[in-house]
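These protein sequence lines map, in sequence, to chains A and B.
For what it's worth, my numbering labels the leading residue of the first sequence as 1, then goes sequentially.
For what it's worth, my numbering labels the leading residue of the second sequence as 1, then goes sequentially.
Backbone N, C-alpha and C fix where the C-beta goes; we use that ideal spot for every residue, glycine too.
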Amino acid sequence: MAEQIPLVDYLVLGDDPHLVAHECTNCGARFFDRRNACASCGQDGFTTVDIDTSGEVRAFTIVTFAAPGVPVPYVAAVVDCGGTSVRANLINVDPDPEHVTLGMKVRLATEVIGADAHGTEAVGFGFEPVGS
Amino acid sequence: MASDDLWILGIHMTKFGKHPDQDLVDLATEAVKGALADGGVTMKDMGVIGAGNLMAANAGIGQQVQKQLGQTGIPVFNVANACATGATALRVACMAVKAGETDMGLAFGVEKLSGAGLLSGGSRKEDSDAWTPSGRYGAVAPVDGRIGTEIMPGVFAQIGMEYGHKYGGTSFELFAKIAEKNHSHSTLNPMAAYQKKMTLEEIMGDVMIAYPNTRPMCSANCDGAAAAVVVSGTKLKTLSLEQQKRAVKISASILTTDPWEEACQILPDVNTLTRNAATQAYEQAGVGPADLDLVELHDCFATAELVHYDNLMLCEVGGAVDFFNSGATWRDGTTPVNVSGGLESKGHPIAATGIANVWEVATHLRGEGGNRQIEGAKVGLAHVIGLGSACGVHILEKAAA
């Protein structure tokens, strides 16, 4: 199997792929990016927490006109994973409003986005409908 | 007019649209000269300039305009605050006058955007030969289109959809009907970039950009400028009766940013900062949403207009769909919204927008709205939002005289 690297550092690969967040030890606010401090309370202590791999689609759009080089159509969404909001594409679903609906139950899924010159695969993530 | 009141003495906007023969300085000077002439004053009367331009924000547009219209040595604040840039420039002039540093200030915003296309996301670069994590997410490749979307039509589509998920009642057709209203309104506005009435079928059948926003449901990139002269109540009393009669009171001038909320760094929260700005503005002005005779709000996309009915408290919490369906926001409704045609048809030359919407409201309060005049308009509100985020709200009132 080719060596793999996650598309972003908050995606943990392995047998049980999942997302992680920086959680403020003072107020509990969660962030996916590298932090200087907490935007909610200003403190700078964080722990790493696992994010639920199942969730519900709270908002979506089907992008059919994108920047050059970005394949369309794709479904962009906000997924509520047990109270933590996650930005992601919806994958393994037909990109049309008949198949993508608000409130839809989804779960995390990974996909290889490509390999670099050394053969290392970059692995991204999205959410797919439960039952697909 | 109390001594610490703020007033708009003169205000002007260029026609929005394609201006291939005018550069940024030409457009800005046209707006500034118009505002000065409208107020019966000159550059020599100005004590401060708030200058707004976003796409060439490092170019010092304020000084460039001074070099054409008068290098009087006064302080210039060049500002950039996304789509709230114009409102921010106006806010700077208001703060300077309110603080007593000067009794008259100038604000302008200018942008050239004709043919600009999508304004964010950018072209996706080729994936690199060796995956190397970079940036604050440790990304090894571009993420726009791979982890959600960065394009504005898609971001604001989700904002409208989120409202629908929370309260129900939204649909592609409902959002398209909002665009139908604004395009209909634009037919009466000669300053609009587009004055084409569009049927619901035409809007829904047009090119889909990011569901549910089709092209005519998106703000129109175009060129334009707008400028305003702000004067203190004390100074206004010393001016002519004609100037006093045409002056429009700035009852509230508010700028907010987005307070932290869960999810606000996932999908921009345009709601909380707008609601906060509106709350502060109504309190400062001593008026309520029911007092408003017209509203110009930031319909950068049809999906955005809906949520701002709620955020500006024009309707009950969760009631934006019913409010729109009641016809309230058409020009003959109880709370006319975007009688100018809004950003979807009047156009959205970013930094000009936050002063052009103030111009629209002021023009109705002066009774100078021509065939699109909202009869008897006494109080109006102008709202803009820039992602990042910043929200400007100004409440204006007709002069008592």
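Query: Alpha-carbon to alpha-carbon, A96 (chain B) and G50 (chain B); Result: 10 Å
Query: Buried/exposed call for G124 (chain A), threshold 16 Cβ in 10 Å; Result: buried
Query: Candidates A:G69, A:F31, A:Q4: closest to D15 (chain A) by CA position; Result: A:Q4
Query: Given 8 Å, three or more beta-carbon pairs between the stretch 306 to 313 of chain B and the stretch 260 to 271 of chain B; Result: yes
Query: Cβ-Cβ separation, N89 (chain A) to A109 (chain A) (assumed contact under 8 Å), whole Å; Result: About 10 Å separates the two Cβ atoms, so there is no contact after all.
Query: Per-residue burial, L241 (chain B) [other beta carbons within 10 Å of its own, 16 or more giving buried]; Result: exposed
Query: Neighbour flag for L267 (chain B) against chain A, beta carbons, 9 Å; Result: yes
Query: Beta-carbon separation (whole angstroms), L251 (chain B) vs L396 (chain B), contact threshold 8 Å; Result: Checking the displayed sequence, the identity of residue 251 (chain B) turns out to be Ser instead of Leu. About 7 Å; that satisfies the 8 Å criterion.
Query: Chain B contact residues for I5 (chain A), given Cβ-Cβ distances below 7 Å; Result: W131, V140
Query: Delimiting residues of the beta strand (DSSP E) encompassing E111 (chain B); Result: 104 to 111
Query: Buried or exposed by the 16-neighbour rule on C-beta atoms within 10 Å, applied to D45 (chain B); Result: buried
Query: Range covered by the beta strand (DSSP E) that runs through R107 (chain A); Result: 105 to 115
Query: Cβ of N81 (chain B) within 9 Å of any chain A Cβ; Result: no
Query: Classification of R34 (chain A) by the beta-carbon crowding that lies within 10 angstroms, buried from 16 upward; Result: exposed
Query: Endpoints, the alpha helix (DSSP H) within which A304 (chain B) is located; Result: 302 to 311
Query: Cβ-Cβ separation, Q243 (chain B) to G480 (chain B) (assumed contact under 8 Å), whole Å; Result: Outside the shown range of chain B, which is 1 to 401, sits residue 480 (chain B), and nothing can be said about it.
Query: Those runs of the beta strand (DSSP E) which lie wholly inside the stretch 213 to 267 of chain B and span at least 3 residues; Result: 224 to 232, 248 to 257
Query: Extent of the continuous alpha helix (DSSP H) to which G62 (chain B) belongs; Result: 61 to 69
Query: Own chain partners of V248 (chain B) with C-beta closer than 6 Å, once the 5 adjacent residues on each side are dropped; Result: I8, A362, L365, L396
Query: Residue burial classification, N53 (chain B) (beta-carbon count within 10 angstroms, cutoff 16); Result: buried
Query: Enclosing beta strand (DSSP E) for A76 (chain A) [first to last residue]; Result: 74 to 81
Query: Partners in chain A for D322 (chain B), counting only beta-carbon separations shorter than 7 Å; Result: The premise fails here: D322 (chain B) is roughly 19 Å from chain A at the closest Cβ pair, so nothing lies under 7 Å.
Query: Closer than 9 Å to chain B by CB, D44 (chain A); Result: no
Query: Per DSSP, the bridge partner or partners of V379 (chain B); Result: B:E397
Query: Within chain A, the residues that H165 (chain B) reaches when beta carbons sit closer than 7 Å; Result: R58, A59, L102, G103
Query: Reference V75 (chain A); option with closest CA among B:G145, B:Q63, B:L36; Result: B:G145
Query: Exposure label - T416 (chain B); buried when at least 16 CB within 10 Å; Result: The structure shown does not extend to residue 416 (chain B), since chain B is modelled only from 1 through 401, so no value can be given for it.
Query: Meets three-Cβ-pair contact criterion under 8 Å: the stretch 114 to 126 of chain B and the stretch 57 to 75 of chain B; Result: no
Query: L273 (chain B), DSSP secondary structure in three states; Result: helix
Query: Start-end ranges of the beta strand (DSSP E) lying completely within the stretch 24 to 74 of chain A, minimum 3 residues; Result: 46 to 50, 54 to 63
Query: One or two residues paired with F16 (chain B) in a DSSP bridge; Result: Per DSSP, none; premise fails for F16 (chain B).
Query: Continuous alpha helix (DSSP H) stretch holding G410 (chain B): start and end; Result: Residue 410 (chain B) is absent from the structure shown; chain B starts at 1 and stops at 401.
Query: Proximity test, Cβ basis, 9 Å: A220 (chain B) and chain A; Result: no
Query: Pairwise C-alpha distance: C391 (chain B) and A281 (chain B); Result: 12 Å
Query: Contacts around A2 (chain A), its chain only, beta-carbon distance under 8 Å, and the 5 residues preceding and following it disregarded; Result: A115, G119, T120, E121
Query: Members of the stretch 110 to 125 of chain A that neighbour chain B once the beta carbon cut-off is set at 7 Å; Result: I113, G114, D116, A117, H118, T120, A122, G124
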